[in-house]
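Okay, so here's the structure we're looking at.
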Amino acid sequence: MPGLDGFETVAKLGARRSQFPTIMMSGRGEIRQAVQAMKMGAIDYLEKPCQPQTLYAAVKAGLGQLKTVLDDQSANTEAQQRIASLTERESELLRLLVSGMTNKDAAEQMAISVRTAEAHRAKIMLKLGADNFTEVMRLAYASGFATLNPDNGLPPVLQQA
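Here's what the structure looks like:
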């Protein structure tokens with residue numbers, strides 16, 4: 004970025020929550036600076052001049068990280084689209100099941116029969132393309148439909164224990 008040094012650039016990119024991996028290059032290879040760059044979000048710190056293979060390896064690693072981020076975003080978007088295909092009733096049941104309720108408890112809460120809850124659950128799995136309920140849970144969390152407790156990082160079902 005014009006008018007900024009490397010550390011200011013890394014800091015600005017970090018403040019923007021840039022998804023692009025940052026590689027910092029410097030004419031001075033001081034460990035203190037390398038540590039500072041990494042703490043600020045750089046994925047690598049190279050001393051100039053560096054060998055082309057070293058730069059290539061760092062860029063390749065950065066592109067690998069970027070691909071992972073983009074793949075995760077794509078999977079999250081797909082999960083959101085699948086979850087959005089659920090009816091209001093199916094979404095209500097899913098929210099209860101993800102919170103740790105049994106089919107029976109969720110059915111009682113929704114004032115429906117257990118058989119109806121099981122039918123809704125089967126439709127949820129079909130619409131989400133899930134072979135089992137673990138996959139349904141994964142999609143619910145990936146889409147943001149269900150969230151982990153920010154205090155302990157656990158899903159609600161594990162906090163009840």
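Sequential numbering from 4 applies to the sequence shown in the working numbering. Using N, Cα and C, we set each Cβ at its ideal position, and we do this for glycine too.
Give me the Cα-Cα distance between residue i and residue j, rounded to the nearest whole angstrom.
i              : j                 : result
threonine 105  : arginine 124      : 11 Å
aspartate 47   : threonine 25      : 7 Å
lysine 70      : arginine 31       : 30 Å
threonine 57   : phenylalanine 148 : 42 Å
proline 55     : lysine 63         : 12 Å
cysteine 53    : alanine 60        : 11 Å
isoleucine 127 : leucine 66        : 36 Å
threonine 2    : isoleucine 34     : Because residue 2 is not part of the residues shown, which for the chain are 4 to 164, the question remains open.
Could you pull out every residue in the same chain whose Cβ sits closer than 8 Å to the Cβ of residue i, ignoring the five residues on either side in sequence?
i             : result
alanine 109   : Leu96, Leu99, Leu100, Ala120
lysine 130    : Arg85, Ser88, Leu89, Glu93
methionine 43 : Phe10, Val13, Ala14, Gly17
leucine 73    : Gln22
glutamine 112 : Leu99, Met104
threonine 150 : Tyr144
lysine 107    : Val117, Ala120
Which of helix, strand or coil does DSSP assign to residue i?
i              : result
tyrosine 144   : helix
methionine 27  : strand
aspartate 108  : helix
alanine 149    : coil
asparagine 135 : coil
isoleucine 115 : coil
glycine 65     : helix
proline 52     : coil
Going by DSSP, which residues form a beta bridge with residue i?
i            : result
aspartate 47 : Ile26
Considering only residues of the same chain and omitting the five flanking positions on each side of residue i, which have a CB-CB separation below 7 Å?
i            : result
leucine 142  : Ala82, Arg85, Ile86, Leu131, Ala133
glutamine 68 : Pro24, Ile46
lysine 51    : Met28, Ser29, Gly30
Taking 8 Å as the cut-off, is the C-beta of residue i nearer than that to any heavy atom in the ligand FMN?
i          : result
glycine 65 : You won't find the ligand FMN in this model; it holds no ligand whatsoever.
Taking the alpha helix (DSSP H) that residue i belongs to, which residues open and close that run?
i             : result
leucine 100   : 91-101
isoleucine 34 : 34-42
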